[in-house]
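Student: So for the sequence shown, my numbering puts the first residue at 14; every next one is plus one.
Where is the CB? At the ideal position from N, CA and C, for every residue including glycine.
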Amino acid sequence: MARHAPSSSEGFTLVELIIALLIAGILAALAIPRMQGTVQEIRARSTLNQLSSELYWARMLAVEGGATVRLVLHSDGDCVRSVSTFRDEPDGGRRELTRATVGSVGPCLRHNGDSSLVFDGRGMLRPPARTFSIENGRVTERLILSIAGRLRRTR
Numbered sequence: 014m015a016r017h018a019p020s021s022s023e024g025f026t027l028v029e030l031i032i033a034l035l036i037a038g039i040l041a042a043l044a045i046p047r048m049q050g051t052v053q054e055i056r057a058r059s060t061l062n063q064l065s066s067e068l069y070w071a072r073m074l075a076v077e078g079g080a081t082v083r084l085v086l087h088s089d090g091d092c093v094r095s096v097s098t099f100r101d102e103p104d105g106g107r108r109e110l111t112r113a114t115v116g117s118v119g120p121c122l123r124h125n126g127d128s129s130l131v132f133d134g135r136g137m138l139r140p141p142a143r144t145f146s147i148e149n150g151r152v153t154e155r156l157i158l159s160i161a162g163r164l165r166r167t168r
């Protein structure tokens, strides 16, 4: 009677491989809802970061040039979608300096007050102070712009 030598090759059986893939699939299904909340939070913070950059840029231009600079908020219904920065010219006209998109996809950026923010040549915001808010499903984040032109973030 012939005997076969034990096989030296090792590996997984098909059943073991299927069980491992099922466990990985279940874990992925549990993680996806948490990931969606994280993605919404990242989009909300990104929108506030974009707006912060534009506000700081407009204030810096006002101080640098010693002239009035306006930041105009362009809304799509209730949500701010883009901003434009204008410098008041000595002849009474306005020159557009920049135009940027903020919050084009995803969360809605809202604000109090009218759609024009004016910084004087010292970087001070003409009253009133402004509050921008964005809700990402779980948390509402706010960006507060003081009359002194300073930004503060709250939850």
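Is the CB-CB distance between G162 and G136 below 8 Å?
Tutor: Yes, the pair counts as a contact, with Cβ atoms nearer than the cut-off.
Student: Quick one: is L24 buried, meaning 16 or more other Cβ sit within 10 Å of its Cβ, or exposed?
Tutor: Leu is not the amino acid found at residue 24; the sequence shown has Gly there. G24 is exposed by the Cβ-count criterion.
Student: What's the gap between the Cα of A142 and the Cα of V152?
Tutor: Between A142 and V152, the C-alpha separation is close to 22 Å.
Student: Quick check on this structure: which residue in V76, E54, R47, L86 has the alpha carbon closest to the alpha carbon of R168?
Tutor: The shortest C-alpha separation from R168 is found at E54.
Student: Report back the beta-carbon spacing between L110 and L74 to the nearest angstrom; my notes put them in contact at under 8 Å.
Tutor: Yes, L110 and L74 are in contact; Cβ-Cβ is about 7 Å, under 8 Å.
Student: How long is the line joining the alpha carbons of F99 and G50, rounded to whole angstroms?
Tutor: Cα-Cα distance, rounded: 36 Å.
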